[in-house]
Every structure is written in C-alpha cells, then in structure tokens.
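Undergrad: Residue numbers (our numbering), protein chains in the order written: chain A, 729 to 1189; chain B, 285 to 505.
Glycine included, C-beta positions come from ideal geometry on N, C-alpha and C.
#1: Any idea which residues DSSP pairs residue 872(A) with across the strands?
#2: Would residue 472(B) pass as an interface residue toward chain A - the criterion being a Cβ-Cβ separation below 8 Å?
#3: Give the straight-line distance between the Cα atoms of residue 297(B) and residue 1141(A), rounded to the nearest whole angstrom.
#4: If I measure Cβ to Cβ from residue 837(A) and keep anything under 6 Å in the same chain, skipping five residues before and after, which residues do I get?
#5: Could you tell me which chain B residues have their CB closer than 9 Å to the CB of residue 1148(A), listed as they occur along the chain?
#6: Would you kindly work out how many angstroms separate the C-alpha atoms of residue 916(A) and residue 743(A), rounded to a whole number?
#7: In the DSSP assignment, find the unbroken beta strand (DSSP E) run with residue 495(B) in it and report its ends.
#8: Figure out for me which residue from 774(A), 1106(A), 1091(A) and 1055(A) has the closest Cα to the Cα of residue 1071(A).
#9: Can you tell me whether residue 862(A) is buried or exposed? The criterion is at least 16 other CB atoms within 10 Å of its CB, across all chains shown.
#10: How would you write the range of the alpha helix (DSSP H) that residue 910(A) sits in, first residue to last?
#11: Please name the residue, chosen from 802(A), 773(A), 1116(A) and 764(A), that lies closest to residue 784(A) on a Cα-to-Cα basis.
#12: Sort 1115(A), 758(A) and 1051(A) by Cα distance to residue 905(A) and report the nearest one.
#13: Does any CB atom of chain A fall closer than 8 Å to the CB of residue 394(B)?
#14: So residue 487(B) and residue 428(B) are supposed to be a Cβ contact under 8 Å. How far apart are they, rounded?
#15: Thinking just about the alpha-carbon of each residue, which of 404(B), 403(B), 402(B) and 419(B) is nearest to the one in residue 410(B)?
#16: List, in chain order, every chain B residue whose beta-carbon is nearer than 7 Å to that of residue 1019(A).
#17: Distance cutoff 8 Å, beta carbons only. Does residue 993(A) sit that close to anything in chain B?
#18: List, from N- to C-terminal side, the beta strand (DSSP E) runs of 3 residues or more that fit wholly inside the segment 331 to 400 of chain B.
#19: So, for residue 432(B): in the same chain, excluding its five sequence neighbours on each side, which residues have a beta-carbon less than 6 Å away from its beta-carbon?
#20: Roughly how many whole angstroms lie between the Cα atoms of residue 1087(A) and residue 385(B)?
#21: For residue 1005(A), which residues in chain B fall below 8 Å Cβ to Cβ?
#22: Measure how close the beta-carbons of residue 949(A) and residue 926(A) come, nearest whole angstrom, since I'm counting them as under 8 Å.
#23: For chain D, is any of its Cβ atoms less than 8 Å away from the one on residue 296(B)?
#24: Less than 8 Å between the C-beta atoms of residue 1096(A) and residue 465(B), yes or no?
#25: For the putative contact between residue 1115(A) and residue 1076(A), defined by C-beta atoms under 8 Å, what is the C-beta separation to the nearest angstrom?
#26: Taking residue 391(B) as the query, report the chain A residues whose CB atoms sit under 8 Å from its CB, ordered along the chain.
#27: Identify the continuous beta strand (DSSP E) that holds residue 431(B) and give its terminal residues.
#28: As a quick exercise: from 1127(A), 1010(A), 755(A) and 1138(A), pick the residue whose alpha carbon is nearest that of residue 1145(A).
#29: Which two residues bound the contiguous alpha helix (DSSP H) that contains residue 850(A)?
#30: Apply the 10 Å Cβ neighbour rule to residue 872(A) and answer buried if 16 or more other Cβ atoms are within range, or exposed otherwise.
#31: Just to confirm, are residue 1132(A) and residue 1171(A) a CB contact at a threshold of 8 Å?
#32: Restricting to Cα atoms, I'd like to know which of 800(A), 857(A) and 988(A) is closest to residue 887(A).
#33: With a threshold of 16 other CB atoms inside 10 Å of the CB of residue 846(A), please say whether the residue is buried or exposed.
#34: Under 8 Å by Cβ, that's how I've got residue 326(B) and residue 347(B) pegged, so tell me the actual separation to the nearest angstrom.
#35: Work out the CA separation of residue 971(A) and residue 939(A) for me, nearest whole Å.
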C-alpha cells in the first residue's frame, strides 16, 4: 500500500565523505610541511657547520717567510663528525692551483649573490655531497694570493635522520587523521540524530495518533516539522470528518426507522383485522430489512475505513468472546437458544479490539439467526503454536454447498436463507477484519449432523 | 416496573412509552438531560433507557456523572450510532447494556430483564395468584412454593397473560408478541407453547382457558 520512498544519497554519508577528505588533505599538508621544514633545518645545520669549518681553515691560513702555511685545525673536521659519521672531503687551492686534499673535488657553484662562503650540492664519487667553498685573499710580499678552501660532506646521516623524522611525521599525520575521523563520525552522527529521533517518534506513533510533533527540534528542521504538523492536522481533520460522517449518517438513518418500527409494533398490537395485521408485520419486516442493510453498510464502511488505520493492541480473545456471549445471551434466549462457551486460559492476540469484536459479534449473530428455536450454539477456542482461533458451531441451516466461497463477497447470501433478514455484508465484514489482521476465516458445515461450523483464526502474539 | 426514558425524539419516545404500557410498565419521559437529572433527583427507577444524542448534550455525559454520583440504577443506552464508530463504548462509561436503534421491542425487554436480574433485582415485582407466585424481574414462577422452570418463550407467553388477567388473546395476537417478524409462523405454532405452559401450570390455580375460535385467556380458579 505504501510506496517505498526513493532515497538519493545520505546526509551522514555526504558529511562523512566531505569531512574525511578534508581531514585527509589537512593531514597530507601537515606531513609535507613538517617534513620540508625539518629537511630545511637539517640542511641549514649542515651548511652552518660546513661554513664554520671552512672559515676556521681559512682563518689559520697565513704567510710565513714568503710561504703560505695552512695548519688545518683539528676542530675543523671534528665539528663535522659531531653531526654524523658521513665522509668528509676537502680541497685547498692557491690561485686555483691544487695544494692539498682531493684534487677532483669540485668547487661549490658560485651563488647568485657574491656572498661568501658559497654552498651547493653535487655528486661526488657516486654520492651526493654538500659543498662549501670559501676564498681568502692573502698578500705575499705584496703579491695577492687567493686561497680557496672547499669542504664536502656526504648526506647519508642527514638522509637517515630525515627518513626517521618522515616516519614520525607520517605517524603524526595519520594520528591527526584518525582523531579527525573519529570526530567526523561523531559529528555526522550527532548531526543526523535529530532527524533519526524525529523519524522514530513519528513512526512509533499509532495510526490514530495525529498530534503535532512536540519534541524540540533543531532550527533547521523547523520548516520540515512545521509542514509535517500541518499535514497531520489536515489528515486528522479529514479522517475525523469521514468517521463523523459515517457515524452521523447512521444516526440520521436509524432514528426515524426506530420511530416507525416502534409505532408499527404498537399499532400491530392494537389492530384487530387480520389484513391490517399482516400489512403491519410486512411493514416491520421491511423496516428491519432496511435498517439491517443500512446498519451493515455503514458498519462495512467504517470497518473498511478502520482496517486502513488499525489500532493494534494486545487483547485477550477469551475475555472478549466471553463478554460478547454474555451480551448476546438475551437475544439467544428469545429463541431459547443456548450459547455454550467452552472455557479456556487467556488467549492473547494483537488486534483492533473494536473490529474483532464486530467480527465475532457478526458470527454469533449469524449463528443465532440461522438456528432453530431451542437449539445449541457451541463456541470453543483453538490454540495452536502460531494461531489462536474461535470455532462457532450451530445446529442451524448450515451453508449451501455450491456457493460457499462466494459468501464473503458483498451482498451475497446463501441460497438457503429463506425469509431471514440479512444484508449479505456480515461475512464480508468478518472477512475484511480477519484479512486486515493476517488471520483466516473458514466456512464449513458440521461433519456430523447439520449446522454451520465457522472458524476464525488470528496469529497469536 | 418503573422506567425512565431519556429520548429527545418525541415520536419515538411516545411509541416506546405506548409499547411499555402495553406490557404493564410505568415510565417517565425526559427529552433533555436537564429534565432527566430533575427526575432522577426525585424518583427511584428500576431502569433508565438513555438515548446518546440529546439536544442539550451527550447522553454519555449524563451516564458518567450519574455513575460518578454513585447512581446505582441499571442503564441501557439506546444508540443510533454504529457499534464500530465509538472508540469509547458506553459500556466503559458505566452503561449496563446498549441497544442499537431501531430495536426489536422483545429484545429490549429481554435486555432490561437481564440487566435488572444481574443487578439483583432492584424492586420486588411479585404477583400472587392463589398458590402461584410470579416474579416479573427474575422471571421465576413458583407453584405451592416449588420453583418451576420455564423456557423463555413460555415465560413471555405467561407474562402476556399475567399482565392482563382475564383478557382474551387471539392466536394471531400471541404470534405477534411471541415470535420475531422474521419467522413466518403459522398460528398453530402458538398451540404448542400454550400446551407446554398448561402442562407446567398443571398444579397451579392459574389456568389457560381456550375460547373456541376466539383465542385464550388466563383465569384464576
């Protein structure tokens, strides 16, 4: 009956994807920025030491007795060893003529600015090295002498450190992402929660509960809930109008019929002439027929209406049938029919009590109507593992063999009903009620003797 | 028995009152809740017949208030509404029974009797005829202080006679009173019930006399 709502995407999914990809990008940026920064720091550190080393060598260059002497200080290399165990190369030239060290070691490339010392990176002996070159101008007896010192150091230690730091930073990035992901899931959840709460509070309602949603809701949802409330208001009004209309229609039809019927009865007891008597009896019969038809039509309308809005609750079938039997006893008494209800333990089923009551009443009513005077109507319960039922057996005319399956159709009556008044809607109502509850109705004749055997079943709760 | 009928439809009320007096009952009639409350203040009734839709309010309101003020008289609601249309039934509000309009008067009487009997019989309604005692409320017949079991139809037949002792009833009249309008009953069917009742009244001072070609009447020896 209800069409499945078409879902396109999910708010939570969208939020999750957006927030998580944001957090991922941020984590990546964090990773690269920190890695870059530490790399720069490490390089700068090496450069500074290389510079200091170069400077300390140049500082000791001096002219002694017309000779250039450079007594390389121990600290010049030891300070490099402090940083890592990388290999160190050096080269000293005088006026671009190789003096000592590694002849093949290149100079650092000249920087754009002419500042000293120059720093660059090169490949030397198959390894990446950092080169620092600085020059100093000495004067040897008035002749200028250009001393150039180049020191190079491989970068293995630095690379190891960087790799170590990278691992740490990537762990940091991942940790950041994980925390962000947890927060994201939580925030997506809490964003969607009011929606879920609203959905639950609306879907938990009984079909008759059309009150406006009163629970506090976030401001953004106010228009939606407002629209929902208005819609429910309209629905409630129109449902109320249909119910009221059916009830009012019943009242309008029945009250005048009641007047006519009672007056006809009084008149019947007063008239003496037989033809008047017969006419009045006919009249009362016709009134009964029309009021029965009107009543059942309106009941049928109400039942059809109600089956769409079942008010399901837990109820005890035994207690309900017991009350109904007590209620029908005076009517059965009029024909000296004994209603015999077999006792049972409580039988709980889930259902709409008014509808089930109406169905059972219709069946008892039928049993009394189609039974001869001074007969017995037996009612007993059926208790299976999955279903609970009521069997009503009478000693009446039973159902005709040929059209039994049609009897639950509207306005169809058995071919053997004779002059008994009926609308042909009783079993239709019963069938509708049973169908709405997922139960079953079986119409049989008693195996032995005559009379009907009607079985009504509901799923047990 | 004494009834209070609360019904705003005057034609229907008059018809019911007429029908009741035919059965030997006394009834007051109120067309509004206000009038009904006035009656209830000053008189005691064996039974109240209450219409639900009234011009100055809802009969269920009267029902609730009457029960809240510990009114004990049994109430039968007369409703023109369908049984399936009211979620809160009149029974939940304190009515003892209800009847949907239009109703068969025999059913109304049967329900009245059932309700009064369930209540333990408000007032004694005992009629004595020589050695025979009849309680109209409980429907019990005793002859020489021995209870006699009567079937419903026998009882109703006896009641028709007892409410009008000496009056002559034609077979057709008795058929009209005793059988539902659904059954096309031959007048001879009444003979069966008269014969049965006669048998039960064998030792009683009450006798059912056959007036040949005219009908039956009850006479006291």
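TA: From the atom records:
#1: Taking the first chain and counting its residues from 1, one reaches residue 872(A) at position 144. Residue 872(A) is bridged by DSSP to 867(A).
#2: Working through the second chain from its first residue, we reach residue 472(B) at position 188. No, because no Cβ of chain A sits closer than 8 Å to the Cβ of residue 472(B).
#3: Locating residue 297(B) in the second chain gives position 13, counting from the first residue. Locating residue 1141(A) in the first chain gives position 413, counting from the first residue. If I take the Cα positions, the gap works out to 35 Å.
#4: Sequence index remark: in the first chain, residue 837(A) carries index 109 (1-based). In the same chain as residue 837(A), and ignoring 5 residues on each side of it, the C-beta atoms closer than 6 Å to its own belong to 848, in chain order.
#5: To locate residue 1148(A), count along the first chain from 1; it is residue 420. 466 and 467, listed in chain order.
#6: Position 188 of the first chain, counted from the start, is the residue given in the question as residue 916(A). Position 15 of the first chain, counted from the start, is the residue given in the question as residue 743(A). So the alpha carbons of these two residues sit roughly 6 Å apart.
#7: In the second chain, the residue the question calls residue 495(B) occupies position 211. That run of the beta strand (DSSP E) goes 490 to 495.
#8: As a working note, residue 1071(A) is residue 343 in the first chain. Checked all of 774(A), 1106(A), 1091(A) and 1055(A); the closest Cα to residue 1071(A) is 1106(A).
#9: To locate residue 862(A), count along the first chain from 1; it is residue 134. Its Cβ being crowded by 16 or more others within 10 Å, residue 862(A) is buried.
#10: Taking the first residue of the first chain as 1, we reach residue 910(A) at position 182. Under the DSSP assignment, residue 910(A) falls in the alpha helix (DSSP H) whose first and last residues are 884 to 931.
#11: Locating residue 784(A) in the first chain gives position 56, where the first residue counts as 1. Out of 802(A), 773(A), 1116(A) and 764(A), 802(A) has the C-alpha closest to the C-alpha of residue 784(A).
#12: If you number the first chain from 1, residue 905(A) lands on position 177. Shortest Cα-Cα distance from residue 905(A) to any of 1115(A), 758(A) and 1051(A) involves 758(A).
#13: On the second chain, residue 394(B) is found 110 positions in, with the first residue counted as 1. So yes, residue 394(B) belongs to the interface.
#14: On the second chain, residue 487(B) is found 203 positions in, with the first residue counted as 1. On the second chain, residue 428(B) is found 144 positions in, with the first residue counted as 1. The pair is a contact, with the Cβ atoms about 7 Å apart (cut-off 8 Å).
#15: Taking the second chain and counting its residues from 1, one reaches residue 410(B) at position 126. Nearest of 404(B), 403(B), 402(B) and 419(B) to residue 410(B), Cα basis: 419(B).
#16: The residue you call residue 1019(A) lines up with position 291 of the first chain. Within chain B, the residues whose beta carbon sits less than 7 Å from that of residue 1019(A) are 386, listed in sequence order.
#17: As a position in the first chain, residue 993(A) is number 265, starting the count at 1. By this cut-off, residue 993(A) is an interface position.
#18: The segment 331 to 400 of chain B contains, as complete beta strand (DSSP E) runs of 3+ residues, the segments 331 to 335, 359 to 363 and 381 to 384 (chain order).
#19: Numbered from 1 along the second chain, position 148 holds the residue referred to as residue 432(B). In the same chain as residue 432(B), and ignoring 5 residues on each side of it, the C-beta atoms closer than 6 Å to its own belong to 425 and 484, in chain order.
#20: Within the first chain, the letter at position 359 stands for residue 1087(A). Within the second chain, the letter at position 101 stands for residue 385(B). Straight across, the Cα-Cα distance linking residue 1087(A) with residue 385(B) is about 19 Å.
#21: Position 277 of the first chain, counted from the first residue, corresponds to residue 1005(A). Listed by position along chain B, the residues whose Cβ is nearer than 8 Å to that of residue 1005(A) are 456 and 460.
#22: Numbered from 1 along the first chain, position 221 holds the residue referred to as residue 949(A). Numbered from 1 along the first chain, position 198 holds the residue referred to as residue 926(A). Taking C-beta atoms under 8 Å as the contact rule, residue 949(A) and residue 926(A) qualify, at a distance of about 7 Å.
#23: In the displayed structure, chain D is absent; the protein chains listed are A and B.
#24: Taking the first residue of the first chain as 1, we reach residue 1096(A) at position 368. Taking the first residue of the second chain as 1, we reach residue 465(B) at position 181. Cβ atoms of residue 1096(A) and residue 465(B): not closer than 8 Å.
#25: For the purposes of this step, residue 1115(A) is taken as the residue at position 387 of the first chain. For the purposes of this step, residue 1076(A) is taken as the residue at position 348 of the first chain. Between residue 1115(A) and residue 1076(A), the beta carbon gap of about 12 Å keeps them out of contact (Cβ cut-off 8 Å).
#26: Indexing the second chain from 1 puts residue 391(B) at position 107. Neighbours of residue 391(B) on chain A, chain order: 1058, 1059 and 1062.
#27: Here residue 431(B) corresponds to residue number 147 of the second chain, with the count starting at 1. Where residue 431(B) is concerned, the enclosing beta strand (DSSP E) stretches over 430 to 432.
#28: Counted from its first residue, the first chain places residue 1145(A) at position 417. Closest option to residue 1145(A), Cα to Cα, is 1127(A).
#29: By one-based count along the first chain, residue 850(A) stands at place 122. If you look at residue 850(A), you'll find it isn't in any alpha helix (DSSP H); it sits in the beta strand (DSSP E) that goes 846 to 852.
#30: Here residue 872(A) refers to the residue found at position 144 of the first chain. When all chains shown are included, residue 872(A) counts as exposed.
#31: On the first chain, position 404 is the one that residue 1132(A) refers to. On the first chain, position 443 is the one that residue 1171(A) refers to. In contact: residue 1132(A) and residue 1171(A) (Cβ atoms closer than 8 Å).
#32: Locating residue 887(A) in the first chain gives position 159, counting from the first residue. That would be 857(A), whose Cα lies nearest to the Cα of residue 887(A).
#33: One-based indexing of the first chain puts residue 846(A) at position 118. So residue 846(A) ends up on the buried side.
#34: What you label residue 326(B) is simply residue 42 of the second chain in a count that begins at 1. What you label residue 347(B) is simply residue 63 of the second chain in a count that begins at 1. The pair is not a contact, with the Cβ atoms about 19 Å apart (cut-off 8 Å).
#35: Start at 1 with the first residue of the first chain, and residue 939(A) comes out as number 211. Start at 1 with the first residue of the first chain, and residue 971(A) comes out as number 243. Put simply, the backbone Cα of residue 939(A) is about 17 Å away from that of residue 971(A).
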